[in-house]
Amino acid sequence: MDFPRSWTNEELDRWRETCVRFITQELEPDDAASRERGHVGHAIWRRAGELGLLCTDIDEQWGGGGGDFRHTAVFYEECARRALTGMATSVHAIVAHYFQNHGTEDQKRRFLPRMASGELVGAIAMTEPGAGSDLQGIRTRAERRGEHYLLSGSKTFITNGYLAGVVLVVAKTDPAQGARGTSILIVETADCPGFRVGRLLDKMGMKAQDTSELFFDEVEVPAGNLLGGKEGQGFYQLMGDLPYERMIIGVTALACMEGAYQATLDYVRERKVFGKALIEMQNTRFKLADVATQIKVGRAFVDRCVEQLVAGTLDTATASMAKLWGSETQGRVLDELLQLYGGYGFMNEYMIARMYADARVQRIYGGTSEIMKEVISRKL
Ligand SMILES: Cc1cc2nc3c(=O)[nH]c(=O)nc-3n(C[C@H](O)[C@H](O)[C@H](O)COP(=O)(O)OP(=O)(O)OC[C@H]3O[C@@H](n4cnc5c(N)ncnc54)[C@H](O)[C@@H]3O)c2cc1C
Numbered sequence: 332m333d334f335p336r337s338w339t340n341e342e343l344d345r346w347r348e349t350c351v352r353f354i355t356q357e358l359e360p361d362d363a364a365s366r367e368r369g370h371v372g373h374a375i376w377r378r379a380g381e382l383g384l385l386c387t388d389i390d391e392q393w394g395g396g397g398g399d400f401r402h403t404a405v406f407y408e409e410c411a412r413r414a415l416t417g418m419a420t421s422v423h424a425i426v427a428h429y430f431q432n433h434g435t436e437d438q439k440r441r442f443l444p445r446m447a448s449g450e451l452v453g454a455i456a457m458t459e460p461g462a463g464s465d466l467q468g469i470r471t472r473a474e475r476r477g478e479h480y481l482l483s484g485s486k487t488f489i490t491n492g493y494l495a496g497v498v499l500v501v502a503k504t505d506p507a508q509g510a511r512g513t514s515i516l517i518v519e520t521a522d523c524p525g526f527r528v529g530r531l532l533d534k535m536g537m538k539a540q541d542t543s544e545l546f547f548d549e550v551e552v553p554a555g556n557l558l559g560g561k562e563g564q565g566f567y568q569l570m571g572d573l574p575y576e577r578m579i580i581g582v583t584a585l586a587c588m589e590g591a592y593q594a595t596l597d598y599v600r601e602r603k604v605f606g607k608a609l610i611e612m613q614n615t616r617f618k619l620a621d622v623a624t625q626i627k628v629g630r631a632f633v634d635r636c637v638e639q640l641v642a643g644t645l646d647t648a649t650a651s652m653a654k655l656w657g658s659e660t661q662g663r664v665l666d667e668l669l670q671l672y673g674g675y676g677f678m679n680e681y682m683i684a685r686m687y688a689d690a691r692v693q694r695i696y697g698g699t700s701e702i703m704k705e706v707i708s709r710k711l
C-alpha cells in the first residue's frame with residue numbers, strides 16, 4: 332500500500348532520489364559504527380554540505396538551497412523510514428532558521444554559509460538540569476562587560492552538542508525581568524576558553540545522535556554575537572518558529588511509521604508459524620490493516636499541515652496537534668508492529684527494535700506531550 336504525499340511534485344520527487352542516494356550510500360553504511368561511537372562524525376556533515384543537502388530551506392544569498400520546508404522534510408522522511416537518526420539535520424535547520432529569521436545581516440553572513448557547507452554543525456541549548464519544560468527557570472547568565480558578555484551556566488540534553496561548531500545559548504541577560512530578560516547568545520565552540528563539552532549522554536535510543544552536556548565558565552562572547560543585536564528578545568525568538576519545529580516531529584513520526592509498516596509487512600510474509608506465513612493469521616492482517624489506516628488518516632492531516640506551513644498559515648496549536656498526535660501514534664504503532672516480530676523485535680539488529688527505542692523521545696523533546704496539550708488547550 333502506498334501513502335502518497337499531497338505536497339510533492341516532480342522536482343521534489345527528483346530531490347527525494349538525491350537524498351535517498353546520499354542516505355543509502357553514505358549515511359547508512361556507517362550507522363552501526365556511529366551508534367557505537369555515539370556520533371556520526373564531522374566528515375558526513377561536510378559531505379552533506381558539499382552535496383547541497385543542508386540548509387535547503389535557507390535563502391540562496393546565505394548559501395542555502397532556496398527551497399522550503401518540503402525540501403528539508405524529504406530528507407527527514409527518508410532518514411526516519413530507515414531508522415537513521417544519527418544526523419540531527421533538523422536541529423541544524425532550526426538553528427539556521429534562528430539566524431535567518433532573527434539574526435543581524437552580519438550574523439547571517441558569518442554563520443549561515445558555514446552551516447550550509449557543513450563546516451559548522453548547529454545546536455540550540457535551552458534545557459538545563461533544573462529547567463526543561465519551564466524555560467523561564469533557566470539560570471545561565473550572560474553579563475555585559477564592555478564589548479563582550481561573560482556567559483556562565485550549564486546545559487544538558489543538547490542535540491549535536493558534541494559536534495557543534497556553533498551553539499545558540501539561551502541565557503538571562505537581566506534576571507530581574509523574567510522572560511523579558513532572556514536573550515540568545517551565539518557561541519562559536521572552536522578555541523573558546525571556558526567552554527566545555529561534558530559527557531556524550533548514554534541514551535536508550537538514537538544511539539548515533541550526539542546528545543551532550545555543555546558547560547560555560549565565564550565564556551567571553553563578543554557583544555556582536557547577541558542574536559538579533561538586542562537584549563531581551565530570547566523568548567520572542569524562541570516562540571517565533573514553533574510551528575516549523577513541531578512539524579519536523581510530526582513529519583518524522585509519520586515517515587517512521589511508514590518505514591516500520593513496510594518492513595513489518597515484508598517480515599510477516601516471510602516468517603512461518605504453525606506451518607504458514609505469519610501474514611495469514613487474522614491477527615497479523617488486522618494489526619497491519621489498523622496501522623495502514625492510521626498512517627493514511629495521519630497523512631491527510633500532516634500533509635495539510637505541511638501545506639499550511641509552506642503557505643505561512645499554520646498556527647502553533649495545530650502544529651502542536653501534529654507533534655502530539657504524530658509522536659503518540661508513532662509510539663503505539665511501533666509497539667504493535669514490534670510484537671509481530673516476536674523475540675527478533677527485541678534485537679537491535681532489527682530495524683523495528685531501533686525504531687521502537689528511538690521513538691520514545693519524540694513524546695519528550697521539542698516540548699513534551701503534556702506541554703503540547705497545554706498549548707492546544709489554550710485555544711479550546
Ligand atoms: C534526546 C534528547 C534531545 C534533546 N535535545 C535538546 C536540544 O537540542 N536542546 C535543548 O535545549 N533541549 C533538548 N532536549 C531537552 C528536552 O527538550 C526536554 O527534556 C523537555 O523539554 C522536557 O524537559 P525536562 O526533561 O526538564 O522535563 P520536565 O520539564 O522536568 O518534565 C517532567 C514531566 O513533567 C511534565 N510537565 C512539565 N510541565 C508540565 C505542565 N505544565 N503540565 C503538565 N505536565 C507538565 C512533563 O510533561 C514531563 O512529563 C532534549 C532531550 C532529549 C531526551
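Here the sequence shown is numbered in the working numbering, starting from 332 and rising by one per residue.
Here a beta-carbon is modelled for each residue, glycine too, at the ideal position from N, C-alpha and C.
Review point. Tell me which same chain residues have a C-beta within less than 8 Å of the C-beta of residue 662, skipping the five on either side of it?
Key: Start at 1 with the first residue of the sequence shown, and residue 662 comes out as number 331. Only 690, 691, 693, 694 meet the Cβ criterion.
**Study point:** Start-to-end residues for the alpha helix (DSSP H) that takes in residue 550
**Key:** By 1-based counting over the sequence shown, the position of residue 550 is 219. Taken as a continuous stretch (DSSP letters only), residue 550 belongs to no alpha helix (DSSP H), being part of the beta strand (DSSP E) at 542-553.
Review point. In the DSSP assignment, what residue or residues form a beta bridge with residue 513?
Key: Here residue 513 refers to the residue found at position 182 of the sequence shown. Answer by DSSP bridge pairing, in chain order: 503.
Check your understanding: Can you round the beta-carbon distance between residue 716 and residue 602 to whole angstroms, since I take them to be within the 8 Å contact cut?
Key -> No answer is possible for residue 716: the residues shown for the chain start at 332 and end at 711.
Exercise for review: Measure the CB-CB distance between residue 546 and residue 565 and report whether it falls below 8 Å.
Suggested key: Here residue 546 refers to the residue found at position 215 of the sequence shown. Here residue 565 refers to the residue found at position 234 of the sequence shown. Result no, Cβ atoms of residue 546 and residue 565 do not sit closer than 8 Å.
Point to revise | Coil, strand or helix - residue 488 by DSSP | key: As a first step, residue 488 must be located in the sequence shown, where it is residue number 157. Note: residue 488 maps to strand in three-state DSSP.
Point to revise | Limits of the beta strand (DSSP E) - the one that residue 389 falls within | key: Here residue 389 corresponds to residue number 58 of the sequence shown, with the count starting at 1. Here residue 389 belongs to no beta strand (DSSP E), and DSSP marks it neither H nor E.
Point to revise | DSSP bridge partner residues for residue 479 (one or two, in chain order) | key: Taking the sequence shown and counting its residues from 1, one reaches residue 479 at position 148. Paired residues: 476, 553.
Review point. How close, in whole Å, do the beta carbons of residue 553 and residue 647 come, if the pair is a contact with beta carbons under 8 Å?
Key: Here residue 553 refers to the residue found at position 222 when the sequence shown is read from its first residue. Here residue 647 refers to the residue found at position 316 when the sequence shown is read from its first residue. Their Cβ separation, rounded to whole angstroms, is 33 Å, which puts residue 553 and residue 647 out of contact at 8 Å.
Practice item. Report yes if the C-beta of residue 488 is less than 7 Å from at least one heavy atom of ligand 1; otherwise report no. Key: Walking along the sequence shown from the start, residue 488 turns up at place 157. Yes - ligand 1 has a heavy atom lying nearer than 7 Å to the Cβ of residue 488.
Exercise for review: Using three-state DSSP, classify residue 584 as helix, strand or coil.
Suggested key: Position 253 of the sequence shown, counting from 1, holds the residue named residue 584. It is helical.
Practice item. Grab the span of the beta strand (DSSP E) containing residue 530 for me, first residue to last. Key: The residue you call residue 530 lines up with position 199 of the sequence shown. Unbroken beta strand (DSSP E) run through residue 530: 526-531.
Practice item. Starting from the C-beta of residue 445, find all residues in its chain whose C-beta is less than 7 Å away, skip the five residues before and the five after it, and write them out in chain order. Key: Taking the sequence shown and counting its residues from 1, the one referred to as residue 445 is at position 114. Hits under 7 Å: 451.
Practice item. Taking the CB atoms as reference points, tell me whether residue 371 and residue 591 lie closer together than 8 Å. Key: Residue mapping note: residue 371 aligns to position 40 of the sequence shown, counting from 1. Residue mapping note: residue 591 aligns to position 260 of the sequence shown, counting from 1. Going by C-beta atoms, residue 371 is not nearer than 8 Å to residue 591.
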